[in-house]
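What follows is a single structure, written as structure tokens, with notes after it.
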Amino acid sequence: MRACRPLSVSALLVFVLSAHAFSAVPSRLTATHHDRRHTGNANSLVTRLPIGLLGNPSSSSTTAINSSADSAKDDGIDDELPNTVTPILLTVLALIISEGIALSTLPLHLQSLGATPVQVGLSTSAFSVAQMVCCPPIVSLSSRPNFGRRKTLSLCLAGAALSSGLIATANTIPLLIFGRFLAGVFAAAIPIAQAGVTDLVPPRLGTLALSRVSAASQTGLVIGPIASAVCQSILKRLGVAQGNLVRGVFVASAAFALFVLSISRAGSDETSDSKDDAKESKGKDTPTAEQVADESKLSLASPVPKQTDLVQPMLRTIALAAGWALTLSVAIYSLFASKFLGYQQSQVSATMSAGAATTILTQIFIVPRLVKRAGEHLSCSLGLWTLALGLAGMSLVRVQPFHIILYLLIRVGSG
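Spelled out as structure tokens, the structure:
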């Protein structure tokens, strides 16, 4: 039962927070609709939660997609993104595929090397710590004229390939953990890619470009675990030893990253020229007066309730709890499923891919409708209750198909 304790504790914490969030609904729901009527802003509180670590599927992608669709309708045009955006999207896809592979395969691989659950958790924490510490300076480096987004993205992609290669050749647990730390260092490519695509397009296409980056990220989380299972199956048929299957997957991941890097560098000159043109058009299309007008509209919104001082700490705590619960369900689930359910690596990978796809579908089809009908606060509360119910139930129920339903319920709540 020790493996169930982290999931149960996180479920209890999410239950408590969801109760607090639910209690805030009646007093703030009216103000929420009033604010939306004045500002025309359809963004929900849920979409502003910085869940962040896993390239975890974030609701901001849904907001971006909806906003871009509304913008296209208002303008009466169907704009397309320039081809120079494609290398950036491929970079994001390669990085997130690599991360999806690592999340689905490393726990069992570490266990096969004799790692304890604490060491498995440490590999996940190493990635997060490296991302938290190194992301700001690397993003800042990409803004310098003498370095730029393109070079920084190339550096991050090369670093991701190096990380995968290091994990593939590592024979010790500390070296594997260091490989995950290195992957976290170069995970700064995602915010750099977001900034890069907005540099390449005029302002009216900025939201569309950001939604494409989010779509590439979400797709990578679905493809990664599946690619790992398929690659291991192919290598096994080719006669590769069982202990080297995971190593072969990371070699393939590194090779794909280097392939994308070569494509990106081949189109670097065109990207640089388009970036300069986009910056000029951006300056023409976005007058300062319009920005001032938008700020004025926000300032004319309805008065903020007195309890607003507690809103941000509450949202941050909810984001932390939800992110922690989701991280636990991913990092620990491989060990949990292999020990208590007898899952093999292929089953773990398929389950995680199904979970990522469920989160994407939730963000696209459920969240917008739920927020529109129930409001942001009630939607957030329902999401937390769903997440907590899935965590608590999954740790106790091991009978199929109820177990997999509860696991997918977690991914619905995280969406």
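Under mature numbering (1 follows the signal peptide of the UniProt record, and there is no 0), the residues of the sequence shown are numbered -21 to -1, 1 to 394, in order.
The C-beta atom is built at its ideal place from N, Cα and C for all residues, glycine as well.
Predicted model only: the values in this text are computed from it and were never measured.
Starting from the Cα of residue i, find the closest Cα among the options and give me that residue.
i           : options                           : result
Val95       : Ala298, Leu363 and Leu314         : According to the sequence as given, residue 95 is Thr; it is not Val. Thr95 has its Cα closest to that of Leu314, out of Ala298, Leu363 and Leu314.
Asn63       : Ser358, Ser212 and Arg129         : A quick correction: the sequence has Thr, not Asn, at residue 63. When each option's Cα is compared against that of Thr63, the closest is Arg129.
Ser122      : Ala298, Val99 and Pro170          : Pro170
Leu89       : Ala353, Ile339, Ala310 and Ala195 : Ala310
Leu368      : Ser393, Ser104, Ser133 and Leu320 : Ser393
Gly82       : Thr338, Val201 and Gly138         : According to the sequence as given, residue 82 is Leu; it is not Gly. Ranking Thr338, Val201 and Gly138 by Cα distance to Leu82 puts Val201 first.
Ala245      : Phe106, Val378, Ser374 and Ser133 : Ser133
residue 401 : Gly302, Val225 and Ala236         : Not covered by the structure: residue 401. The range shown for the chain is -21 to 394.
Leu340      : Gln197, Val376, Ala304 and Ile75  : Gln197
Thr151      : Val225, Gln291 and Gly93          : Gly93
Leu361      : Ile345, Ser241 and Met373         : Ile345
Thr65       : Leu370, Ile242 and Leu224         : Ile242
Leu305      : Met373, Arg352 and Val112         : Met373
Gln326      : Gln291, Ala149 and Ile383         : Ile383
Ile75       : Ala149, Val112, Ser193 and Ala105 : Ser193
Leu294      : Ala105, Ile117 and Leu363         : Leu363
Report back the beta-carbon spacing between residue i and residue j to the nearest angstrom; my notes put them in contact at under 8 Å.
i      : j      : result
Leu385 : Thr365 : The Cβ separation is near 10 Å, so there is no contact.
Thr70  : Val239 : 6 Å
Phe165 : Ala195 : At roughly 16 Å, the Cβ-Cβ gap does not stay under 8 Å, so Phe165 and Ala195 are not in contact.
Leu87  : Gln324 : 6 Å
Leu136 : Ala168 : 7 Å
Ser77  : Ala236 : 6 Å
Which same chain residues, not among the five before or five after residue i, have their C-beta less than 6 Å away from its C-beta?
i      : result
Ile67  : Ala172, Gly175 and Val176
Ser207 : Ile80, Ser83, Thr84, Val228 and Ser328
Ala109 : Phe160, Gly163 and Val164
Met331 : Ser83 and Pro204
Leu72  : Ala195 and Gly199
Gly321 : none
Ala233 : Ala140, Ser143 and Gly144
Val378 : none
Ser308 : Ile389
Ala336 : Val201
Ala316 : Tyr322 and Val327
Starting from the C-beta of residue i, find all residues in its chain whose C-beta is less than 8 Å away, skip the five residues before and the five after it, and write them out in chain order.
i      : result
Gly227 : Ala147, Cys210, Gln211, Leu214 and Val219
Leu120 : Phe126 and Thr131
Val376 : His382 and Leu385
Gly222 : Ser91
Ala353 : Leu361
So the alpha helix (DSSP H) residue i belongs to, where does it begin and stop?
i           : result
Pro96       : Pro96 to Ser121
Pro66       : Thr65 to Ser91
Glu59       : Run containing Glu59: none; DSSP gives neither H nor E here.
Tyr322      : From DSSP, Tyr322 is part of no alpha helix (DSSP H); its letter is neither H nor E.
Ile152      : Ile152 to Val164
Arg348      : Val346 to Ala353
Pro170      : Ala168 to Leu179
Asp235      : First, the amino acid is wrong: residue 235 is Phe here, not Asp. Looking at the DSSP string, the run of the alpha helix (DSSP H) that includes Phe235 is Leu224 to Ala245.
Gly392      : Phe381 to Ser393
Val209      : Gly185 to Arg216
Ala149      : Here Ala149 belongs to no alpha helix (DSSP H), and DSSP marks it neither H nor E.
Phe126      : It is not in any alpha helix (DSSP H) - Phe126 carries neither H nor E in the DSSP assignment.
residue 405 : There is no way to answer for residue 405, as the model of the chain reaches only from -21 to 394.
Beta-carbon within less than 7 Å of residue i's beta-carbon, same chain only, minus the 5 sequence neighbours each way: which residues are those?
i           : result
Gly334      : Tyr386, Leu387 and Arg390
residue 401 : This structure cannot speak to residue 401, because the chain is shown only from -21 to 394.
Tyr312      : none
Leu224      : Gln211, Leu214 and Lys215
Ala149      : Leu155 and Gly158
Thr338      : Pro36, Arg390, Ser393 and Gly394
Val118      : Ala167, Pro170 and Ile171
Using a Cβ-Cβ distance under 7 Å, would residue i count as near chain B?
i      : result
Ala367 : Judged by its chain identifiers, the structure shown contains no chain B, having just a single protein chain.
Do the region 152 to 169 and the region 92 to 109 make contact, defined as three or more Cβ pairs closer than 8 Å?
-> yes
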